[in-house]
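Numbering (this note's numbering), first residue to last: -14 to 234.
To start, the structure itself, in structure tokens.
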Ligand code: UDP
């Protein structure tokens, strides 16, 4: 599928249903495949971080996690159909996992969080086969132990909540060794599923203000979220140049 370029990052032009359908195809094809839900922070990071840019380019599916990327795509005249929040895609993939008997592994969060999230998922999606969990606080030299546990569990779907972009880097680095059909970074979704963190109320989500809600609840995000005005300034700059070029002289 042709990707839609947003400041150098290629996005698959799919909505949530389209992303689920694509993920199902990828799972059926075997693996390993990486799915990335990228927000404005990741787009801006990719501009100066070759490693992140490379990981995005190698992913089998890249969707717009957040209203900012969709806004940018519209301003640039290549509109993406809609945002695909990572936590929504992850939940839909868990539903597919229950339906299709996929094996699921949950990695990330403080000790006990992934196991708690597994219990929640079993209640929400009866029949889901969560074959393993592991917390996300391990040193680099424990990578082999974590990889071994995942390989032994043999999941079809690996959901990794280690924070972005660490989770995408980690998954990309170990994708071949992991051999999982589909792997995806899910940020703080495990914390939300276990009730440790709250998502923005639906109205805030509908208004595209989820980022603002998170900023109010987690002011330490301020530095990271400076990427948003920076992104908007670059998009407006490109638009202005395009308009000036098109204007009659
Ligand atoms: N986390 C982790 N290992 C780490 C650092 C963070 O497992 O070394 C987890 C953390 O407990 C949380 C998630 O990664 O569950 C990051 O959540 P956040 O909402 O900050 O995600 P982001 O917006 O960074 O993707």
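Built from N, CA and C at the ideal position, the CB exists for glycine as well.
Not one heavy atom of ligand 1 falls within 7 Å of the beta-carbon of residue 73.
Within the region 105 to 187, complete beta strand (DSSP E) segments of at least 3 residues are found at 114 to 119, 142 to 146, 167 to 170, given in chain order. Considering only 126, 10, 165, 161, the residue with the shortest C-alpha distance to residue 141 is 165. Under the DSSP assignment, residue 93 falls in the beta strand (DSSP E) whose first and last residues are 88 to 93. Exclusion of the five residues before and after residue 11 leaves 18, 45, 46, 166, 167 as the residues of its chain whose Cβ lies within less than 7 Å of its Cβ. For residue 3, the uninterrupted alpha helix (DSSP H) segment begins and ends at 1 to 14. Placement of the Cβ of residue 146 at a distance of less than 7 Å from at least one heavy atom of ligand 1 is found.
With a 10 Å radius around the Cβ and a threshold of 16 neighbouring Cβ atoms, residue 214 comes out exposed. Nearest in C-alpha terms to residue 154, of all of 58, 30, 206, is 30.
Within the model, the alpha-carbon separation for residue 187 versus residue 32 is close to 32 Å.
When secondary structure is reduced to three states using DSSP, residue 74 falls in the helix class. Rounded to the nearest angstrom, the gap between the Cα atoms of residue 131 and residue 106 is 22 Å. Put simply, of 37, 65, 74 the residue whose alpha carbon is nearest the alpha carbon of residue -13 is 65.
A distance criterion of 7 Å places the beta-carbon of residue 122 in contact range of ligand 1, judged by its closest non-hydrogen atom. Pairing residue 110 with residue 80 gives a Cβ-Cβ distance under 8 Å. Taking C-beta separations shorter than 6 Å and ignoring five residues to either side along the sequence, the partners of residue 178 in its chain run 102, 105, following chain order.
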